[in-house]
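Below, the structure is given as structure tokens:
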């Protein structure tokens, strides 16, 4: 299998007079890249999935404990690191599409420094996991069994993955993910059944596996020389232009976190009701994430394709790359939703044998197909927005959708109507339907030519101009934006 997705390599992205000669079909490259991305993201998710399965068969208390542990880590760590790394979906894909290869390495360096700094406040929260859980009225026994697990390595793994993904290189993540998951299963089994460390042993196995993922992927990149085209060594340039990076990183993070935190907050609220409701939410959430991997893979591929096309100034390719993923996501979501609905009475046995939890899982999965269909559309259109650099719109929509529509409806059904976890998912279903409609309408009205011009302005601002630079900043900028060939970039010939 190739290391890069078809037609995504740099030699297919040369800019000639402000447009690209690469206008290959969207379908085959999209499905290939999204397929690889689904597998690679599944490998990342399986780390916590395996821990949940192992702990779920230890008992109801252990399942609740690992659920709260994952919630705390996701809310205060993984969601933030992943959200910040999503900045690369815009910056690297657009820069790579413009042909400015060495600038990609500088963006990566900048991302490494910013994400490392973001680790410190996350650590401060994670070391206080138990007091925080007790403060929100969780069961003391469950709170005590929910160890905080630092995931610094997860930040770096996500960043390395974005660095490769936005150049069309996906396969290394699949290989390293498979290695990490195999080791995670072995370590979990050894810690839980031989050393009898319980949930603490599972947490340790999870942390070790996260570090292995990051280290193995780094070694793979270095040994195979996947960095050579875009890496010119550490540069002082990485200490500059933090403002534009953070300006894009904050909406990227919020776009993801506002959605992610809503699901995790639902777990906390279920924990207030009972251990059964918390266990149900944990299992349902794991299944929903597995199902979401398919539209998420398409979303990631769409983000890269749209970003590459806009960076190359190819408006028609960008428009086409925004339509095909939505159709693909709808078709796949219909099959996935139907599959989960048909197996609602048996699929929960993977996690637990508790009959009360199994029945509640089946109740939630009745409404899941409808939620998944809308969530698939919202997820893929969100990926298109990231590729176009419109994260702020996505963040605002997620804020309104989840916290002003979905959450009020869900919490009312949970407590006032006494529907519990089923009420939570009913509220979330209403939310994702509203989101999907808004995102589709926004993309329908989007001025793609203006979006392409904005991308070129952003790219050119990273260059040292000669001659036409001052004209570009003046009146001519609004009439005919110069092509990248009209300026001289400090990154050298790769800018052309």
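In UniProt numbering, the protein residues as written are 1 to 496.
Glycine included, each C-beta is placed from N, C-alpha and C at the ideal position.
Please read these numbers as outputs of a predicted model, since none were measured by experiment.
For residue 270, which option in 422, 108 and 46 has the closest C-alpha, if you only look at C-alpha atoms? Taking only the C-alpha atoms, the option nearest residue 270 is 422.
Boundaries (first-last residue) of the alpha helix (DSSP H) holding residue 88: Looking at the DSSP string, the run of the alpha helix (DSSP H) that includes residue 88 is 87-98.
CB-CB under 7 Å to residue 80, same chain, minus the five flanking residues each way: which ones, in chain order? Within the same chain, 118, 122, 253 and 257 come within 7 Å of residue 80 by CB-CB distance, once the 5 residues on both sides are set aside.
Given a threshold of 16 other Cβ atoms within 10 Å of its Cβ, counted over all protein chains shown, does residue 224 qualify as buried or as exposed? Taking a 10 Å sphere around the C-beta of residue 224, we find fewer than 16 other C-beta atoms and assign the residue as exposed.
Please check the pair residue 336 and residue 294, which I expect to be a contact at CB under 8 Å, by giving their CB distance rounded to whole angstroms. About 6 Å separates the CB atoms of residue 336 and residue 294; that is less than 8 Å, so the two are in contact.
Taking all protein chains shown into account, decide if residue 222 is buried (16 or more other Cβ within 10 angstroms of its Cβ) or exposed. Counting the other Cβ atoms within 10 Å of the Cβ of residue 222 gives fewer than 16, which makes it exposed.
Flag this pair as yes or no: are the beta carbons of residue 348 and residue 361 separated by less than 8 Å? In this structure, residue 361 lies closer than 8 Å to residue 348 by Cβ.
Complete beta strand (DSSP E) runs within the region 311-392 (minimum length 3 residues, chain order): For the region 311-392, not a single whole beta strand (DSSP E) run of length 3 or above is found.
Just verifying my parser: in three-state terms, what is the DSSP assignment at residue 447? Residue 447: coil per DSSP, three-state reduction.
What does the alpha-carbon distance come out to for the pair residue 200 and residue 192? Approximately 9 Å, taken between the alpha carbons.
Mapping DSSP to helix, strand and coil, what is residue 255? Three-state DSSP puts residue 255 in a helix.
Return the residue from the list 47, 434, 371 and 244 that minimises the CA-CA distance to residue 182. For the residues 47, 434, 371 and 244, the minimum Cα distance to residue 182 belongs to 47.
Whole alpha helix (DSSP H) elements within the region 183-243, 4-residue minimum: At a cut-off of 4 residues, the continuous stretches assigned as alpha helix (DSSP H) that sit fully inside the region 183-243 are 198-224.
Quick one: Cα of residue 246 to Cα of residue 165, how far? Taking the straight line from one Cα to the other gives about 21 Å.
Cβ separation of residue 350 and residue 177, assumed to be a contact under 8 Å, to the nearest whole Å: About 20 Å; that fails the 8 Å criterion.
Residue 177 - DSSP class collapsed to helix/strand/coil: Helix at residue 177.
Which whole-angstrom value is the C-beta distance of residue 230 and residue 102, which I expect to be below 8 Å? That pair is a contact at about 6 Å.
Can we count residue 272 as close to the ligand NAP, meaning its CB is less than 7 Å from some heavy atom? Only the bare structure without any ligand can be found here, which leaves the ligand NAP out of the picture.
Cα-Cα separation between residue 210 and residue 161, rounded to whole angstroms: Their backbone Cα atoms lie some 13 Å apart in a straight line.
CB-CB under 6 Å to residue 250, same chain, minus the five flanking residues each way: which ones, in chain order? For residue 250, where only same-chain residues beyond five positions count, there are no Cβ hits under 6 Å.
Sort 70, 300, 281 and 376 by Cα distance to residue 331 and report the nearest one. Relative to residue 331, the option among 70, 300, 281 and 376 whose CA is nearest is 376.
How many whole angstroms separate the CB atoms of residue 406 and residue 373, which I take to be in contact at a CB cut-off of 8 Å? Incorrect: roughly 16 Å between the Cβ atoms, too far for contact.
What's the gap between the Cα of residue 175 and the Cα of residue 416? In a straight line, the C-alpha of residue 175 is about 48 Å away from that of residue 416.
If you run the structure through DSSP and keep just helix, strand and coil, what is residue 419? Residue state, collapsed to three classes: coil.
Buried or exposed: where does residue 404 fall if 16 or more other Cβ atoms within 10 Å of its Cβ makes it buried? Exposed.
Judging by CA-CA distance, which residue of 292, 353 and 208 is the nearest neighbour of residue 280? Comparing Cα-Cα distances from residue 280 to each of 292, 353 and 208, the minimum goes to 353.
Given residue 333 as reference, the closest of 356, 357, 185 and 370 once Cα atoms are compared: Out of 356, 357, 185 and 370, 370 has the C-alpha closest to the C-alpha of residue 333.
If we count Cβ pairs, one from each stretch, closer than 8 Å, do we get three or more for the region 386-393 versus the region 82-98? Of all C-beta pairs linking the region 386-393 to the region 82-98, three or more are shorter than 8 Å, placing the two stretches in contact.
Helix or strand or just coil, what does DSSP make of residue 127? Residue state, collapsed to three classes: coil.
Contact set for residue 432: own chain, Cβ-Cβ below 7 Å, skip 5 residues either direction: So the list reads 371, 374, 375 and 378, once near-sequence residues are dropped.
Look at the Cβ atom of residue 97, then the Cβ atom of residue 311, and state whether they are nearer than 8 Å. Contact flag set, yes.
Classify residue 124 as buried or exposed, calling it buried when 16 or more other Cβ atoms lie within 10 Å of its own Cβ. Under a 10 Å Cβ-count criterion, residue 124 is classified as exposed, with fewer than 16 other Cβ atoms of the shown protein chains found around its own Cβ.
I need the boundaries of the alpha helix (DSSP H) containing residue 411, first residue and last residue. First-last of the alpha helix (DSSP H) with residue 411: 407-411.
Where residue 58 sits in the DSSP three-state scheme: Coil, per DSSP.
Looking at C-alpha atoms only, which residue of 272, 108, 155 and 128 is the closest neighbour of residue 77? Closest by alpha carbon: 155.
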